[in-house]
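Here the structure comes first, spelled out in structure tokens, and everything after it is commentary.
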Amino acid sequence: MKRSTDRILTTHVGSLIRPLDVLEDMMAKVLGEPVDEAEFQRKVRQGVADVVAKQAEIGIDIPSDGEISKPSFHNYVVERLGGLEKVPPAERGAYYAALTEDFPGFMKQYNAMYKTMWMPAELDGEKVRKAANTPPARVRVAAPITYVGQDALQTDLDNYQAALEGKEFVEAFMPSATPARDDADAGTVYSSESEYLYALADAMHVEYKAIVDAGFIVQLDLGLPARNQVLPGNPNPTPEDLRRASEMQVEAYNHALRGIPEDRVRYHMCWGSMNTPHTTDVPLREVIDIILKIKAQAYVIEGANPRHEHEWMVWKDVKLPEGKILVPGVISHQTNVVEHPELVAWRIENYASVVGRENVIAGTDCGFSQGWNMARVHPEVQWAKLSALVEGAALASQRLWS
Numbered sequence: 010m011k012r013s014t015d016r017i018l019t020t021h022v023g024s025l026i027r028p029l030d031v032l033e034d035m036m037a038k039v040l041g042e043p044v045d046e047a048e049f050q051r052k053v054r055q056g057v058a059d060v061v062a063k064q065a066e067i068g069i070d071i072p073s074d075g076e077i078s079k080p081s082f083h084n085y086v087v088e089r090l091g092g093l094e095k096v097p098p099a100e101r102g103a104y105y106a107a108l109t110e111d112f113p114g115f116m117k118q119y120n121a122m123y124k125t126m127w128m129p130a131e132l133d134g135e136k137v138r139k140a141a142n143t144p145p146a147r148v149r150v151a152a153p154i155t156y157v158g159q160d161a162l163q164t165d166l167d168n169y170q171a172a173l174e175g176k177e178f179v180e181a182f183m184p185s186a187t188p189a190r191d192d193a194d195a196g197t198v199y200s201s202e203s204e205y206l207y208a209l210a211d212a213m214h215v216e217y218k219a220i221v222d223a224g225f226i227v228q229l230d231l232g233l234p235a236r237n238q239v240l241p242g243n244p245n246p247t248p249e250d251l252r253r254a255s256e257m258q259v260e261a262y263n264h265a266l267r268g269i270p271e272d273r274v275r276y277h278m279c280w281g282s283m284n285t286p287h288t289t290d291v292p293l294r295e296v297i298d299i300i301l302k303i304k305a306q307a308y309v310i311e312g313a314n315p316r317h318e319h320e321w322m323v324w325k326d327v328k329l330p331e332g333k334i335l336v337p338g339v340i341s342h343q344t345n346v347v348e349h350p351e352l353v354a355w356r357i358e359n360y361a362s363v364v365g366r367e368n369v370i371a372g373t374d375c376g377f378s379q380g381w382n383m384a385r386v387h388p389e390v391q392w393a394k395l396s397a398l399v400e401g402a403a404l405a406s407q408r409l410w411s
């Protein structure tokens, strides 16, 4: 994995707001309307080409494919895993139970609007509201888990490689979901949660290896339960419950990564992509030891969120292991305020002062659109923020290498 040897490199977390025509087809699929699949794939291919070209134009060093083909950063794997069966949606409790308890009025209002708030105005508003608020199907484990997504994955890889051709980037990464799911009862097929996680890990290993074999860095996406007091099936988890679940997930991650060189792996963790109070976030200091057990070379960690911006100081006391790279978020995806490049540079320099300039790659807190219906900012602002990232990294580089 390339390092910031003579300047601060830039990257982001992966997802970008999908093009209008792709969004229209994704909404149609949710609503059960007919979609010309060949035409949809053409739109996706063009969308990937466009976002890669835009990243090159802005000056991002380590781009992604924008996750344009995926309905969401994590649930796309439902279509790529054999053994999972869709079942009708059911009522579920508040996902962020602790936050909802502290801010019930805010969370009720926020949950009613965040999926549609920054959807492009050119789309049919009524259709957007209907599709965005259609409950997703649940899944259950009906048979042993296998990986059956080879064709879809190969299409993603082919689209990305074609889009990169002729562009000058330092290298490129592709996000992939972690082997952890919170929506499937595995009890009828697997005797324990650990056995189920390892089965998911065996399946997702196929995807991780294919991404790396294609020449890309693979980035594992999904935070650990210990980070924000969320443990499905347990509305009031203790810190011990959360650590135990997180440790078990890390063991599964590492099993999935077996045989894959650490220097081709990034791991991303944030505290949820919501523009919410974040007062129930667990401090980085309390979970960093678990994160560092993941066999990745680079750790992509939220750092621009005001609840976490001060946590660059954690690295004064916690030594970044030899050979590792820190990719702190120095741009927030949760607000439409575009960071001043000087602020971006200041954040970068803070991290460089504690882990070394060559060990820092500047990034964002999370993706800009984790799902088709989760645009976090206006599309115009997304690109302005990434431009500010590049400008801020250039300013920091001037000072750090002067």
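Last residue of the sequence shown: 411 in this note's numbering, with the numbers rising by one and none dropped.
Backbone N, C-alpha and C fix where the C-beta goes; we use that ideal spot for every residue, glycine too.
This structure is a prediction, so every number in the text was calculated from the model and none was measured.
In the three-state DSSP reduction, glutamate 131 falls in the coil class, being neither helix nor strand. Assignment of threonine 344 by DSSP, reduced to helix, strand and coil, places it in the coil class. Cβ-Cβ distances below 8 Å link leucine 335 to Ala307, Tyr308, Ile310, Trp324, Leu329, Tyr360, Val364, Asn368, Val369, Ile370 in the same chain, with the five nearest sequence neighbours on each side left out; the list follows chain order. In this structure, the alpha-carbon of valine 31 lies about 43 Å from that of glutamate 249. In this structure, leucine 209 and histidine 277 do not form a Cβ contact; the two beta carbons are roughly 18 Å apart against a cut-off of 8 Å.
Going by C-alpha positions, proline 43 is about 32 Å away from valine 390.
As computed with DSSP, phenylalanine 182 is found in a beta bridge with Ile226. Of the candidates Asn345, Trp321, Gln118, Arg356, the residue whose Cα lies closest to the Cα of proline 388 is Asn345. One Cα belongs to threonine 14, the other to arginine 190, and the distance between them is close to 38 Å. Excluding its 5 nearest sequence neighbours in each direction, methionine 213 has C-beta neighbours in its own chain below 6 Å: Pro188, Ala265, listed in chain order. If you look at arginine 149, you'll find it isn't in any alpha helix (DSSP H); it sits in the beta strand (DSSP E) that goes 147–156.
Around the Cβ of threonine 19, a 10 Å sphere holds 16 or more other Cβ atoms; the residue is buried. When the five nearest sequence neighbours on each side are left out, the beta carbons in the same chain lying within less than 6 Å of the beta carbon of serine 78 are those of Val53, Asp165, in order along the chain.
With distances taken between CA atoms, lysine 136 lies nearest to Lys124 out of Pro244, Lys124, Leu293. Per the DSSP secondary-structure output, lysine 218 pairs with nothing in a beta bridge.
Using a C-beta cut-off of 8 Å, the region 154–174 makes no contact with the region 114–130, since fewer than three inter-stretch Cβ pairs fall below that distance.
A direct Cα-to-Cα measurement between proline 315 and arginine 138 gives close to 30 Å. Under the DSSP assignment, methionine 126 falls outside any alpha helix (DSSP H); it carries neither an H nor an E label. Take serine 255, set aside five residues on each side of it, and the residues of its chain with a beta-carbon closer than 6 Å to its own are Leu233, Pro234, Ala235, Ile299, in chain order. Three or more Cβ pairs drawn from the region 84–100 and the region 140–158 lie within less than 8 Å of each other, which places the two stretches in contact. The distance from the Cβ of valine 353 to that of isoleucine 340 is about 7 Å, consistent with a contact at the 8 Å cut-off.
Valine 239 sits close to tyrosine 104, with the two beta carbons spaced by under 8 Å. At a Cβ-Cβ threshold of 8 Å, alanine 193 and valine 150 count as neighbours.
Of the candidates Glu180, Lys63, Ser200, Gln50, Glu180 places its Cα closest to the Cα of isoleucine 71. DSSP lists Gly380 as the bridge partner or partners of serine 81.
Taking C-beta separations shorter than 6 Å and ignoring five residues to either side along the sequence, the partners of valine 347 in its chain run Ala393, Lys394, Ala397, following chain order.
The alpha-carbon of glycine 372 is positioned some 10 Å away from that of valine 399. If you compare the alpha carbons of Ala313, Gly114, Leu162 with that of aspartate 374, the shortest gap goes to Ala313.
When the alpha-carbon of isoleucine 220 is set against those of Ser200, Trp355, Pro244, Phe182, the nearest one is in Phe182. In the three-state reduction of the DSSP assignment, histidine 277 falls in the strand class, which pools E and B. Annotated as distal: glutamate 76 and leucine 162, with beta-carbon spacing of 8 Å or more.
Closest in C-alpha terms to glycine 134, from the list Gly401, Asn382, Gly91, comes Asn382. If you draw a 10 Å sphere on the C-beta of leucine 40, you find fewer than 16 other C-beta atoms in it, and that means exposed.
In the structure shown, the three-state DSSP call for valine 60 is helix. As a beta-bridge residue in DSSP terms, proline 337 pairs with Ile310. The continuous stretches of alpha helix (DSSP H) do not include glutamate 320, and DSSP gives it neither H nor E.
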